[in-house]
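S.K.: First the structure, then my questions, so here it is.
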């Protein structure tokens with residue numbers, strides 16, 4: 001049960017970091 005909670009927390013944290021990186025990249029410039 002605890003493993004599921006840890007996995008869910010890690011997944012949420014990863015998603016949060018990815019979202020911040022994507023938003024910061026989109027804010028800087030769209031030049032690929």
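In the UniProt record's numbering, the protein residues as written are 1 to 32. For glycine and all other residues, C-beta sits at the position ideal for the given N, C-alpha and C.
1) If you draw a straight line from the C-alpha of residue 24 to the C-alpha of residue 12, how long is it?
2) Alpha carbon to alpha carbon, how far is residue 2 from residue 14? Give it in angstroms, no decimals.
3) Skipping 5 residues on each side, what residues in its chain have a beta carbon closer than 8 Å to that of residue 8?
M.R.: The structure says:
1) Their Cα atoms are separated by approximately 18 Å.
2) Per the coordinates, the alpha-carbon of residue 14 lies some 18 Å from the alpha-carbon of residue 2.
3) Within its own chain, no residue has a Cβ closer than 8 Å to the Cβ of residue 8 once the five positions on either side in sequence are excluded.
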